[in-house]
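Worksheet for the structure shown next.
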Amino acid sequence: MLIRIAGTVSESIVDGPGIRYTIFTQGCPHHCEGCHNPETHDFSGGRLADTDKIYNHIAENPLLKGITFSGGEPFCQPAPLYDLAKRIKENTVLDNVSYTFKSGFVYGLYGQNGSGKTMLLRAISGLINLDSGSIFIDGEKLHDKIEFPPETGIVIENMELLPECSAKRNLQMLAKIKNIADEKDIIFSLERVGLDPDSEKKVKKFSLGMKQRLNIAQAIFENQKIILLDEPTNALDEDAVQLIYKIIREEKSRGATIIVATHHKEDLKEVCDVILKIAGGKIVEENENK
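Reminder that position 131 of the sequence shown reads as 1061 in the working numbering, one-by-one numbering, no gaps.
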């Protein structure tokens, strides 16, 4: 369904309680004096947007507490807004997922945007709380005795390390949190992903591919037991992709449990032992990759 909008704010803290997704509809018949958004008055202005794409964008962000319809005059476009509100209210991102992930295996999660792949990784990593159900890591219940799973490395969507520091400096600061990795571990992990550990180049000047390599380095430099990778080959050229495949196989042989969320079929084919299809927040299909 299409809706004419002036724009959206994906994370607003001024349009209601909590972090909210705000939609500014286009068109308003009132023309109130002192209106803060006079550019939204024209019914032929703004742009047409697909409510499916807006819904998927909202569903992918677990930090959102709600949605705000602003304007313009939202009541001039009730049908698409009602559709959005109804779908969001009824949305269940993860629904009765029950699965045991074993050490020394690579699991691939695939599905459409909004299917629940990233939310499952966020749940396992302790970044979100579940409304119901439990996650156990080595017999310990998450958010009970432990807030975050120990010995877990994660690459999650849209993550970035400190932009004013070099790659090596970033890992050195992260290493101080647990005091597990030493200087040799840091250097080795950077070399494994194809980054120069002696470079003073700041992360803010990195290409997208270099940033992704660094993200993967921070997930592996402490020799974690669990490694969660969300779209690990995004922004990488073919040589870098093959390098990441090699690292995943090496971490598997070390005995790590690795879960990869991806929409790249080649990722699933090349490195995954078990492929899980996610749809509607459920695991709907499981296949061994032979």
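Glycine included, each C-beta is placed from N, C-alpha and C at the ideal position. Everything numeric in this text was worked out from a predicted model, so none of it was measured.
Is the number of C-beta pairs between the region 1131-1139 and the region 1085-1093 that are closer than 8 angstroms three or more?
In short, these stretches touch, since the Cβ pair count reaches three.
Quick test of your reading: leucine 1159 and alanine 1149, contact by CB under 8 angstroms. State the CB separation rounded to the nearest angstrom.
Counting from 1 along the sequence shown, the entry for residue 1159 is found at position 229. Counting from 1 along the sequence shown, the entry for residue 1149 is found at position 219. Confirmed, Cβ separation roughly 7 angstroms.
What separation, rounded to the nearest whole angstrom, lies between the Cα atoms of aspartate 1169 and proline 1162?
Here residue 1169 refers to the residue found at position 239 when the sequence shown is read from its first residue. Here residue 1162 refers to the residue found at position 232 when the sequence shown is read from its first residue. Here the alpha carbons of proline 1162 and aspartate 1169 stand approximately 14 angstroms from one another.
Tell me the DSSP secondary structure of aspartate 1160 in three-state form.
For the purposes of this step, residue 1160 is identified with residue 230 of the sequence shown, where counting begins at 1. Reduced to three states, the DSSP call for aspartate 1160 is strand.
So, glutamine 1007 versus isoleucine 933, is the Cβ gap smaller than 8 angstroms?
The residue you call residue 1007 lines up with position 77 of the sequence shown. The residue you call residue 933 lines up with position 3 of the sequence shown. It is a contact, given that the beta carbons lie within the stated cut-off.
Considering only the alpha carbon of each residue, which of Glu1087, Asp1112, Asn1088 and Leu1014 lies closest to arginine 1099?
Position 169 of the sequence shown, counted from the first residue, corresponds to residue 1099. Residue Asp1112 is the option with its Cα nearest to arginine 1099.
Take threonine 998 and list the residues in its own chain whose beta-carbon comes closer than 8 angstroms to its own, dropping the five residues that flank it on each side.
Within the sequence shown, residue 998 is the residue found at index 68, counting from 1. Cβ neighbours of threonine 998 within its own chain (closer than 8 angstroms, five residues either side excluded): Ser942, Asp945, Gly946, Arg950, Tyr951, Thr952 and Ile953.
Leaving out five residues before and five after isoleucine 1076 in sequence, what residues of the same chain have Cβ atoms less than 6 angstroms from its Cβ?
If you number the sequence shown from 1, residue 1076 lands on position 146. Cβ neighbours of isoleucine 1076 beyond the five flanking positions: Glu1070.
Tell me whether serine 1000 is buried or exposed, calling it buried when 16 or more other Cβ atoms sit within 10 Å of its Cβ.
Here residue 1000 is taken as the residue at index 70 of the sequence shown, counted from 1. Serine 1000 should be labelled buried.
Between the region 1113-1133 and the region 1048-1055, can you find at least three pairs of beta-carbon atoms closer than 8 angstroms?
Judged by Cβ distances under 8 angstroms, the region 1048-1055 makes no contact with the region 1113-1133, as fewer than three pairs qualify.
Neighbour-count burial assignment, glutamine 1223, 16 or more Cβ in a 10 Å radius:
In the structure as shown, the chain starts at 931 and stops at 1220, and residue 1223 therefore has no counterpart that could be examined.
List the DSSP bridge partners of leucine 978.
For this step, residue 978 is matched to residue 48 along the sequence shown. Partner(s): Arg934.
Taking all protein chains shown into account, decide if glutamine 1042 is buried (16 or more other Cβ within 10 angstroms of its Cβ) or exposed.
Residue numbering aside, residue 1042 sits at position 112 when the sequence shown is read from its first letter. Looking at its Cβ environment, which holds fewer than 16 other Cβ atoms inside 10 Å, glutamine 1042 is exposed.
Proximity of methionine 1103 and asparagine 1145 at Cβ, strictly below 8 angstroms:
Counting from 1 along the sequence shown, the entry for residue 1103 is found at position 173. Counting from 1 along the sequence shown, the entry for residue 1145 is found at position 215. The answer is no: Cβ separation not under 8 angstroms.
Which residues in the same chain as arginine 1179 place their Cβ atom closer than 6 angstroms to its Cβ, once the five residues preceding and following it in sequence are excluded?
Position 249 of the sequence shown, counting from 1, holds the residue named residue 1179. So the list is empty, once near-sequence residues are dropped.
Would you identify the three-state DSSP class for glycine 1139, choosing helix, strand or coil?
Taking the sequence shown and counting its residues from 1, the one referred to as residue 1139 is at position 209. Residue state for glycine 1139 is assigned as helix, using DSSP reduced to three classes.
Could you check the C-alpha separation between alanine 1147 and valine 1085 for me, to the nearest Å?
Reading the sequence shown from its first residue, position 217 is the one you call residue 1147. Reading the sequence shown from its first residue, position 155 is the one you call residue 1085. If I take the Cα positions, the gap works out to 9 angstroms.
Measure the Cβ-Cβ separation of aspartate 1197 and glycine 996 and say whether it is below 8 angstroms.
The residue given as residue 1197 occupies position 267 in the sequence shown. The residue given as residue 996 occupies position 66 in the sequence shown. No; because the gap between Cβ atoms is not below 8 angstroms, this pair is not in contact.
If you measure between the beta carbons of phenylalanine 1031 and threonine 1187, is that distance less than 8 angstroms?
Taking the first residue of the sequence shown as 1, we reach residue 1031 at position 101. Taking the first residue of the sequence shown as 1, we reach residue 1187 at position 257. In this structure, threonine 1187 lies closer than 8 angstroms to phenylalanine 1031 by Cβ.
Take proline 1010 and list the residues in its own chain whose beta-carbon comes closer than 6 angstroms to its own, dropping the five residues that flank it on each side.
Start at 1 with the first residue of the sequence shown, and residue 1010 comes out as number 80. Counting only Cβ-Cβ distances below 6 angstroms, and skipping sequence neighbours, we find Met931, Ile933 and Thr981.
Between histidine 966 and isoleucine 935, what straight-line distance do the alpha-carbon atoms span, to the nearest angstrom?
By one-based count along the sequence shown, residue 966 stands at place 36. By one-based count along the sequence shown, residue 935 stands at place 5. When only Cα atoms are considered, histidine 966 and isoleucine 935 end up about 16 angstroms apart.
Using only CA atoms, which one of Ile1177, Ile1107 and Ser1028 lies nearest to isoleucine 1208?
Within the sequence shown, the letter at position 278 stands for residue 1208. Isoleucine 1208 has its Cα closest to that of Ser1028, out of Ile1177, Ile1107 and Ser1028.
Do you know offhand how far valine 1036's Cα is from alanine 1053's?
In the sequence shown, the residue the question calls residue 1036 occupies position 106. In the sequence shown, the residue the question calls residue 1053 occupies position 123. When rounded, the distance between both Cα atoms is 18 angstroms.
Taking DSSP as the reference, what is the three-state secondary structure of leucine 1198?
Counted from its first residue, the sequence shown places residue 1198 at position 268. Note: leucine 1198 maps to helix in three-state DSSP.
For valine 1171, which of helix, strand or coil comes out of DSSP?
Numbered from 1 along the sequence shown, position 241 holds the residue referred to as residue 1171. The answer is helix: DSSP assigns valine 1171 an H, G or I state.
What's the C-alpha gap between lysine 1019 and serine 1183?
Taking the first residue of the sequence shown as position 1, residue 1019 is located at position 89. Taking the first residue of the sequence shown as position 1, residue 1183 is located at position 253. Answer to the nearest angstrom: the Cα atoms are 43 angstroms apart.
What's the gap between the Cα of cysteine 1277 and the Cα of aspartate 972?
Nothing in the structure corresponds to residue 1277, since the chain is present only between 931 and 1220.
Using the Cα positions of glutamine 1172 and glutamate 1200, report the straight-line distance between them to the nearest angstrom.
Here residue 1172 refers to the residue found at position 242 when the sequence shown is read from its first residue. Here residue 1200 refers to the residue found at position 270 when the sequence shown is read from its first residue. Glutamine 1172 and glutamate 1200: Cα-Cα distance of roughly 9 angstroms.
Hey, serine 1055 and glycine 1185: beta-carbon distance below 8 angstroms or not?
In the sequence shown, residue 1055 corresponds to position 125, counting from 1. In the sequence shown, residue 1185 corresponds to position 255, counting from 1. Not in contact: serine 1055 and glycine 1185 (Cβ atoms no closer than 8 angstroms).
Please identify the residue among Ile1156, Ala1165, Leu1072 and Ser1129 whose C-alpha is closest to the C-alpha of glutamine 1142.
Taking the sequence shown and counting its residues from 1, one reaches residue 1142 at position 212. The residue with the shortest Cα to Cα distance from glutamine 1142 is Ala1165.
Tell me the residue span of the beta strand (DSSP E) that contains serine 1000.
One-based indexing of the sequence shown puts residue 1000 at position 70. Its beta strand (DSSP E) spans residues 996-1000.
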